[in-house]
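*Asks:* Note that numbering that gives the first Met the number 0 has the sequence shown beginning at 0, numbered continuously upward. Below you'll find the structure I mean.
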Amino acid sequence: MTRTTRWPALCAVLAALALLAWPLPRELLDWQPALAAAQPWRAVTAAFVHWTAIHLAANLAGCAVIALLGWRAALDGRETVAGLVALPLTQLGLLLRPELQRYAGLSGALHALVAIAALTLLTRGGRDRLIGAAIAVGLVAKLALEHPLGPVLRVTPGFDFPVAPFAHLCGAVAGALAWSLTMRGHQALPRNPHGT
């Protein structure tokens with residue numbers, strides 16, 4: 000796999016798994032903190048379960064946008080590994096809010112991928128660094144506006160399912176943590192060939 004296809008391939012696999020999980024029984028795959036120890040696969044499978052068609056469509060669109068971002072930014076294997084590491088960490092972070100008794104969807108993982116992309120771009124020079132900073136500021140502002148430490152579920156106009164803002168925060172933190180673990184000892188790359 001070439002350097003510029005790993006990240007889009009990751010996004011495509013996430014989207015494909017969400018589509019494959021759509022007809023499956025949600026209660027066997029979604030995140031339930033009470034079952035986390037006995038059924039640890041839920042730390043991964045919960046990302047692929049979606050409550051409604053709008054929920055699924057929104058996250059599939061997010062996968063497409065983040066795949067394009069990663070391709071344009073020439074994100075490499077290390078960033079892809081960070082994305083894989085962040086996937087279960089996102090759901091495990093939900094243990095900090097046990098009152099969120101059920102969770103499903105890719106939105107937490109997508110926030111992790113955005114954090115990974117932003118941090119990678121911040122390590123580069125020139126325009127890439129500015130774009131990374133803009134993405135990071137946008138992500139932090141979005142998270143702050145969602146009040147992730149408030150109620151665990153929030154009704155959002157236009158969505159036919161409740162949003163879990165704390166999952167978005169968990170994803171962003173998991174992405175930053177996974178990025179720091181996978182990038183340890185890695186030198187910043189020069190400006191990418193595609194011009195982000």
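Positions of the beta carbon are idealized from the N, C-alpha and C atoms, including for glycine. No experiment lies behind these values; they were computed from the predicted model shown.
(1) Mapping the DSSP letters down to three states, classify Arg126 as helix, strand or coil.
(2) Hey, His167 and Pro150 are a contact pair by Cβ (cut 8 Å); roughly how many whole angstroms apart?
(3) Express the C-alpha separation of Leu105 and Leu120 in angstroms, rounding to a whole number.
(4) Closest to Pro7 by CA distance: which of Val48, Arg71, Ser179 is it?
(5) With DSSP as the reference, please indicate the residues paired to Val162 in a beta bridge.
(6) Buried or exposed: where does Gln90 fall if 16 or more other Cβ atoms within 10 Å of its Cβ makes it buried?
(7) What first and last residue would you give for the alpha helix (DSSP H) that runs through His146?
(8) For the stretch 125–138 against the stretch 74–93, do three or more pairs of beta-carbon atoms, one drawn from each stretch, fall closer than 8 Å, so that the two count as touching?
(9) Leaving out five residues before and five after Pro192 in sequence, what residues of the same chain have Cβ atoms less than 8 Å from its Cβ?
(10) Output needed for Asn58: all residues of its chain with C-beta closer than 7 Å, excluding positions within five of it in sequence on either side, in chain order.
*Replies:* Let's see:
(1) If you number the sequence shown from 1, residue 126 lands on position 127. DSSP places Arg126 in helix when its eight states are reduced to three.
(2) Working through the sequence shown from its first residue, we reach residue 167 at position 168. Working through the sequence shown from its first residue, we reach residue 150 at position 151. Actually they do not touch by this definition, with Cβ atoms about 14 Å apart.
(3) In the sequence shown, counting from the first residue as 1, residue 120 sits at position 121. In the sequence shown, counting from the first residue as 1, residue 105 sits at position 106. If I take the Cα positions, the gap works out to 23 Å.
(4) Position 8 of the sequence shown holds residue 7. It is Arg71 whose Cα lies nearest to the Cα of Pro7.
(5) Here residue 162 corresponds to residue number 163 of the sequence shown, with the count starting at 1. Partner(s): Arg153.
(6) For the purposes of this step, residue 90 is taken as the residue at position 91 of the sequence shown. It is buried - the Cβ of Gln90 has at least 16 other Cβ atoms within 10 Å.
(7) As a working mapping, residue 146 is identified with position 147 in the sequence shown. No alpha helix (DSSP H) holds His146; DSSP gives it neither H nor E.
(8) no
(9) What you label residue 192 is simply residue 193 of the sequence shown in a count that begins at 1. Bear in mind that a pLDDT of 49 at Pro192, under 50, signals an unreliable position, so the model cannot answer this.
(10) Residue mapping note: residue 58 aligns to position 59 of the sequence shown, counting from 1. Around Asn58: Ala17, His49, Gly104, Leu105, Ser106, Leu109.
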